[in-house]
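The opening position of the sequence shown corresponds to residue 2 in the numbering used here, with each subsequent residue numbered one higher.
Glycine residues also receive a C-beta, built at the ideal position from the N, C-alpha and C atoms.
If you're wondering where the values come from, they're calculated on a predicted model, not measured in any experiment.
Notes follow once the structure below has been shown.
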Amino acid sequence: TADAVVLATQGLSKTYGRGKQRFEAVRQVSLTLHRGEVLAFLGPNGAGKTTTIKMIAGLVRPDRGQVTIAGEDPHRHARALRNIGAVLEGNRNLYWRLTPEENLEYFGVLRQVPRKVAHRRGLELLDRFELLDKRNTPVQKLSRGMQQKVAIAVALIHNPQLLLLDEPTLGLDVEAGETVKALVRQIAAEGRAILLTTHQLDVAEELSDRVAIIRRGQIIAEQSTESLLQEFSNSTYQIEVE
Ligand code: ATP
């Protein structure tokens with residue numbers, strides 16, 4: 002159904018280090034994300050966005066709290082990973098010397114998609130992302146924007162319900178940024194839930210239905226993008242977010 006919950010987190014917390022080095026990076030983060038919805042995780046560098054997204058992706062184990070993706074906890078059941086697509090750490094989820102077509106087939110098979118299906122889906126994604134003519138060009142020869150599109154295609158090859166994007170437009174030129182933003186909207190429109198991090202208010206504004214603002218590991222506000230923007234126009238915390 003349209004309002005099905007895809008992602009729920011409950012009281013996620015993570016402390017790095019011990020003793021005097023102890024640092025509470027994330028504290029009590031609870032979020033809910035529905036089908037077709039885009040949630041922007043907005044906050045300054047070091048606020049805990051990446052740590053949170055890594056806990057959701059199953060990469061960093063939370064000290065406390067729970068993650069549920071389409072009913073499954075990625076920290077307990079590996080099969081929860083079939084519903085997660087992620088582009089983290091720039092677009093380094095690609096093999097640089099392989100072509101887009103090869104990357105898609107390789108990661109599809111790795112994600113247990115039958116090779117023929119992975120091949121067909123890969124070509125469909127490349128077509129949709131206007132990359133079909135680059136399918137045989139090694140990824141390292143593509144522009145930064147094209148590489149980002151290939152990375153997103155790879156994240157979708159196993160048809161996940163949830164897509165996680167860490168700073169999806171960071172380092173892209175204006176035109177490539179616009180292309181990627183249009184793709185994100187298109188991917189949400191087909192019913193996937195998208196959680197993206199950004200420190201740019203305009204990215205949150207253009208892409209998201211809801212915004213969660215994180216500061217020093219804690220969510221200090223969560224609301225519809227529309228109402229947030231109204232508040233920003235007459236408040237002080239714009240300065241603190243940027
Ligand atoms: P950025 O946009 O800079 O990535 P962020 O909001 O994503 O910021 P995190 O990367 O989650 O923030 O980092 C939150 C805090 O936790 C930072 O102060 C960071 O230095 C610290 N941190 C992150 N990873 C580790 C780690 N593996 N060990 C120790 N501290 C860490």
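- Taking a C-beta distance under 9 Å as the contact criterion, L229 and L197 do not qualify as a contact pair.
- Residue side-chain check: P45 places its Cβ nearer than 8 Å to a non-hydrogen atom of ligand 1.
- Taking L127 as reference, the option from M147, V110, Q113 and L111 with the minimal CA-CA separation is M147.
- Proximity of the beta carbon of V88 to ligand 1 is not indicated: no heavy atom of the ligand is located closer than 8 Å.
- For G66, the enclosing beta strand (DSSP E) covers residues R65 to I70.
- Cβ contact annotation for E168 (same chain, cutoff 7 Å, sequence separation greater than five): T198 and T199, in chain order.
- For A5, same chain residues with a beta-carbon under 8 Å away, outside a window of 5 residues either side, are H35 and R36 in chain order.
- Between the alpha carbons of G44 and Q113 lies a distance of about 35 Å.
- Unbroken beta strand (DSSP E) runs of no fewer than 3 residues, entirely contained in the segment 85–139, are found at 85–88, following chain order.
- Taking 8 Å as the upper bound for CB-CB distance, V88 and T10 are not in contact here, some 19 Å apart.
- Take the alpha-carbon of E223 and the one of K142: they are about 40 Å apart.
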